[in-house]
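Just so you know, the sequence shown maps onto residues 1 to 194 in the UniProt record's numbering.
Backbone N, C-alpha and C fix where the C-beta goes; we use that ideal spot for every residue, glycine too.
These numbers were taken from a predicted model, which means no experiment stands behind them.
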Amino acid sequence: MGSRGVFEVTDAVDPHERVVRAADQLFNAHGVHAVGMDKVRDAAGVSLKKIYSMFPSKEALILAVLEDRTRQWNAGIAACADGLSSPREKLLAVFDFLLEWFGTDEFRGCAFINAYGELGAEMPSVAAAVRAQKADFQRYVAGLVAELGAPDGLGAQLSILAEGAQTTAAIAGSVRAADDARAAAEALIDQALR
Numbered sequence: 001m002g003s004r005g006v007f008e009v010t011d012a013v014d015p016h017e018r019v020v021r022a023a024d025q026l027f028n029a030h031g032v033h034a035v036g037m038d039k040v041r042d043a044a045g046v047s048l049k050k051i052y053s054m055f056p057s058k059e060a061l062i063l064a065v066l067e068d069r070t071r072q073w074n075a076g077i078a079a080c081a082d083g084l085s086s087p088r089e090k091l092l093a094v095f096d097f098l099l100e101w102f103g104t105d106e107f108r109g110c111a112f113i114n115a116y117g118e119l120g121a122e123m124p125s126v127a128a129a130v131r132a133q134k135a136d137f138q139r140y141v142a143g144l145v146a147e148l149g150a151p152d153g154l155g156a157q158l159s160i161l162a163e164g165a166q167t168t169a170a171i172a173g174s175v176r177a178a179d180d181a182r183a184a185a186e187a188l189i190d191q192a193l194r
C-alpha cells in the first residue's frame, strides 16, 4: 500500500480525512477485524454519530481506506518516477519506492493484500477493490514495458516481483527484499531487451 510518512491523525482538519487516517493506522497496526468503530472514534476524535453519517458501515470505511491507499500508492510511485525520462528508469523507480516505503515505521505489508487475506472471502466489495488496485498497477507497469519495446510478459513478471517484495519485506521485517527485487527487475529488463 503506499507511504505517506508518519503523521498525526489530529493533523487532519477535515473529519472525513481524520476518520480515514485513524482507521488506516489502526487497520494497519492491528488488522481490520480487531478494530471496532469505537477505536476509530477514539483515535479520530470524531463522534460515532458523525462517523456513521459519513460511512454508513464499517465496510464503507474499509473501502474508503483502500481508496486512500490507492491514492497514496499512485502518488508514491509518481514521486519516485518524477524527473525520470526513460521507461526503464521509471520501472526501476517502483522498486526505489518500495525501498523507501519498507523503511518506514508504519510498514506492515501491503494493505490490499492484508485486506484481501482478512476480508476477501466475506466482503466481495473489498475483494473487488483489491483486484482493481492490483490491475491498475499491472496496467501502469505494462504501459512502461510497452514504451520500452519489451515483450508483454515482462510487465507481469515485474508486477509479481513488486508484489512478492512487499510480502517478503513484511514477513522478514527487512528492506532487503526491495533491493533484491530491483536487481532481479534489472536483470529481467536487460534480458528482455537483448
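Cα-Cα separation between residue i and residue j, rounded to whole angstroms
{"i": "I160", "j": "V130", "result": "15 Å"}
{"i": "V46", "j": "V65", "result": "16 Å"}
{"i": "K90", "j": "L144", "result": "7 Å"}
{"i": "G186", "j": "D179", "result": "According to the sequence displayed, residue 186 carries Glu and not Gly. Taking the straight line joining both Cα atoms gives about 11 Å."}
{"i": "E59", "j": "Q166", "result": "24 Å"}
{"i": "S57", "j": "A43", "result": "17 Å"}
{"i": "D152", "j": "R139", "result": "11 Å"}
{"i": "D82", "j": "A93", "result": "9 Å"}
{"i": "V20", "j": "K134", "result": "21 Å"}
{"i": "V6", "j": "R194", "result": "Legend: pLDDT at V6 = 35, less than 50; position of this residue unreliable, no value from coordinates given."}
{"i": "A150", "j": "A192", "result": "6 Å"}
{"i": "L148", "j": "A156", "result": "14 Å"}
{"i": "L154", "j": "A142", "result": "8 Å"}
{"i": "T104", "j": "I77", "result": "15 Å"}
{"i": "A111", "j": "S85", "result": "30 Å"}
{"i": "R176", "j": "A162", "result": "13 Å"}
{"i": "R182", "j": "A75", "result": "20 Å"}
Any non-hydrogen atom of the ligand MG within 8 Å of residue i CB
{"i": "S85", "result": "The ligand MG is absent from the structure shown, which contains no ligand whatsoever."}
Run of the alpha helix (DSSP H) containing residue i, from where it starts to where it stops
{"i": "H16", "result": "15–30"}
{"i": "P87", "result": "87–102"}
{"i": "R71", "result": "58–81"}
{"i": "A43", "result": "37–44"}
{"i": "E122", "result": "From DSSP, E122 is part of no alpha helix (DSSP H); its letter is neither H nor E."}
{"i": "R176", "result": "176–192"}
{"i": "A34", "result": "That residue, A34, is in no alpha helix (DSSP H); it is neither H nor E in DSSP."}
Residue i classed as buried or exposed, judged by whether at least 16 other C-beta atoms fall within 10 angstroms
{"i": "V13", "result": "exposed"}
{"i": "I171", "result": "exposed"}
{"i": "A121", "result": "exposed"}
{"i": "L48", "result": "exposed"}
{"i": "R69", "result": "buried"}
Short Cβ contact (9 Å threshold) for residue i with residue j
{"i": "I113", "j": "L158", "result": "no"}
{"i": "A29", "j": "E118", "result": "no"}
{"i": "residue 210", "j": "A115", "result": "With the chain covering only 1 through 194, there is no way to say anything about residue 210."}
{"i": "I51", "j": "M123", "result": "no"}
{"i": "F102", "j": "A169", "result": "yes"}
(request) Count the C-beta pairs between the stretch 95–105 and the stretch 30–39 that are closer than 8 Å, then say yes if the count reaches three, no if not. (result) In short, these stretches do not touch, since the Cβ pair count stays below three.
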